[in-house]
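Asker: Next up is a structure, given as structure tokens.
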Amino acid sequence: MQQRLSVVIPCYNEEEVISETLKRLRDFRATVLDMDCEFIFVDDGSKDRTRELLIAAQAADPEIRIVGFARNFGHQTAVTAGIDAASGDAVVLIDADLQDPPEVVSEMIALWRSGYHVVYGTRVDRPGESAFKLVTARAFYRVLNKLSDVPIPLDTGDFRLMDRKVVDVLKAMPERDRFVRGMVSWVGFKQVALPYRRAERFAGESKYPLRKMIRFATDGILSFSTKPLQLSITIGLLSSFIALIGIINTLFVRLTTPDWVAGWAEIMVAILFLGGVQLMCIGILGEYIGRIYNEIKRRPLYVVQDKIGFPSKE
Ligand code: UDP
Ligand code: MG
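Residues 1 to 314, numbered by UniProt numbering, are exactly what the sequence shown covers, in order.
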């Protein structure tokens, strides 16, 4: 039987790029690809005409499938829904804004056929991104790698090809705060990097405002490491040690000199310092507890409003 490829494309307010993306993907399928191929568009609760455009395109192309969320659940959840819906022997994750060139997928397929289970795209160049994004992203991947218990490749996004074996393991991972690229690293199997030039966004603006970027970075670190908790113990011990020196000093001054009332500055410093450390450690603890709470609620990961173009099961 012919091998089958599923391409998963998460979209959030992408009306400006969707037709071009479709065109590039179709061209790619028609000219380069030598396997059956379905396109799974996950509309992550767009507020613009994205879903309308997708539905219109689907009417003309039976290999387009649409999973339409009931609201915006976030990029990582959209990717998850696409993976859940994919039926191919290999699944490719690609952004809707054409920053990941579809043409690179054929190199991914070649590596997959030579026996690799995961081929992930590593960005060697990112034109058109703000200096702030470049610097924070670079720092993030390095900090994440220091903290994480599994090695997560540097400067690697979600643009990747995964074998069915890996996809089936991912589907069995029910965690809520999802950091897909880390989860794929955790799975194991034979993985290989494929360097590529990341293009500029074709049109429109980034759908990752600072708020979402911070959330994404915390998910990455907290889902793959408990080191912040250990760090808070270290900080606690360190500040206790400093406090001990302060206590000895206070007692010494109180007992041996007549001018001990003058110590109010030390008291203020100690209270403020300890208060800060305590709040920070409670905050770290709180983040983990929040995540535990999120897990035990056991809500579905996402809510699908429309599911269009999927072959009906007999
Ligand atoms: N995206 C999504 N849901 C969101 C935010 C983004 O599905 O809440 C999609 C978006 O449509 C795009 C991909 O995720 O296909 C990457 O987003 P974007 O290009 O805005 O991020 P950037 O490349 O700026 O990091
Ligand atoms: Mg982008």
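For glycine and all other residues, C-beta sits at the position ideal for the given N, C-alpha and C. Only a predicted model underlies this, so the values are computations on that prediction, with no experimental measurement involved.
What distance in whole Å lies between the Cβ atoms of residue 92 and residue 5, which are believed to be in contact at a cut-off of 8 Å?
Answerer: 7 Å
Asker: Count the other C-beta atoms from every protein chain shown that fall within 10 angstroms of the C-beta of residue 120, then say buried if there are 16 or more, exposed otherwise.
Answerer: When all chains shown are included, residue 120 counts as buried.
Asker: Is it buried or exposed, residue 13, if we count other Cβ atoms within 10 angstroms and call 16 or more buried?
Answerer: buried
Asker: Helix, strand or coil for residue 130? Go by DSSP, reduced to three states.
Answerer: Note: residue 130 maps to coil in three-state DSSP.
Asker: Inspect the CB distances between the region 10-29 and the region 200-211 and report whether three or more fall short of 8 Å.
Answerer: yes
Asker: Using 10 angstroms around the beta-carbon of residue 142, count the other beta-carbons present and answer buried if the total reaches 16, otherwise exposed.
Answerer: exposed
Asker: Is the beta carbon of residue 281 sitting closer than 7 Å to the one on residue 236?
Answerer: yes
Asker: Round the Cβ separation of residue 176 and residue 274 to the nearest angstrom and send it over; I've been treating them as touching at under 8 Å.
Answerer: No, residue 176 and residue 274 are not in contact; Cβ-Cβ is about 34 Å, not under 8 Å.
Asker: Helix, strand or coil for residue 48? Go by DSSP, reduced to three states.
Answerer: coil
Asker: Quick one: what's got a C-beta closer than 7 Å to residue 171's C-beta in the same chain, skipping five residues either side?
Answerer: 83, 84
Asker: So which residues touch the region around the ligand MG, with touch meaning a C-beta under 7 Å from any heavy atom?
Answerer: 95, 97, 99, 201, 206
Asker: Checking 7 Å against the spacing of the C-beta atoms, do residue 150 and residue 185 come in under that value?
Answerer: Contact flag set, yes.
Asker: Quick check: is any heavy atom of the ligand UDP less than 6 Å from the C-beta of residue 89?
Answerer: no
Asker: What are the boundary residues of the alpha helix (DSSP H) that includes residue 240?
Answerer: 227-256
Asker: When the Cβ atoms of the region 209-228 are set against those of the region 108-126, are three or more pairs found closer than 8 Å?
Answerer: Judged by Cβ distances under 8 Å, the region 209-228 makes no contact with the region 108-126, as fewer than three pairs qualify.
Asker: Mark residue 67 as exposed unless 16 or more other C-beta atoms lie within 10 angstroms of its C-beta, in which case mark it buried.
Answerer: Buried, since its Cβ has 16 or more Cβ neighbours within 10 Å.
Asker: Measuring only between beta-carbons, confirm whether residue 51 sits less than 7 Å from chain C.
Answerer: Within the model displayed, chain C is absent; a lone protein chain is all it includes.
Asker: Taking C-beta to C-beta, are residue 179 and residue 223 nearer than 7 Å?
Answerer: yes
Asker: Do residue 15 and residue 49 have their beta-carbon atoms positioned less than 7 Å apart in this structure?
Answerer: yes
Asker: So what does DSSP say about residue 90, is it helix, strand or coil?
Answerer: strand
Asker: What residue from 57, 9, 62 has the CA that sits closest to residue 309's CA?
Answerer: When each option's Cα is compared against that of residue 309, the closest is 62.
Asker: According to DSSP, which residues form a beta bridge with residue 194?
Answerer: 121
Asker: With hydrogens ignored, establish whether the beta-carbon of residue 363 is closer than 6 Å to any heavy atom of the ligand UDP.
Answerer: In this structure the chain extends from 1 to 314, so residue 363 is not present and cannot be described.
Asker: For residue 147, name the three-state secondary structure that DSSP assigns.
Answerer: helix
Asker: So is residue 293 buried or exposed if we call it buried at 16+ other beta carbons inside 10 Å?
Answerer: Its Cβ having fewer than 16 others within 10 Å, residue 293 is exposed.
Asker: Just the C-alpha distance for residue 287 and residue 242, rounded to the nearest angstrom, thanks.
Answerer: For residue 287 and residue 242, the distance between alpha carbons rounds to 27 Å.
Asker: Under a three-way DSSP split, which group does residue 166 fall into?
Answerer: helix
Asker: Taking the alpha-carbon of residue 240 as reference, which of 9, 57, 270, 113 has the nearest alpha-carbon?
Answerer: 270
Asker: How many angstroms separate the CA atom of residue 133 from the CA atom of residue 94?
Answerer: 20 Å
Asker: Taking residue 196 as the reference, which of 7, 306, 108 has the closest Cα?
Answerer: 108
Asker: Quick check on DSSP: helix, strand or coil for residue 319?
Answerer: The shown model of the chain, from 1 to 314, leaves out residue 319, and the question about it has no answer.
Asker: Compare the C-alpha of residue 34 against each of 279, 106, 158, 258 and name the closest.
Answerer: 106
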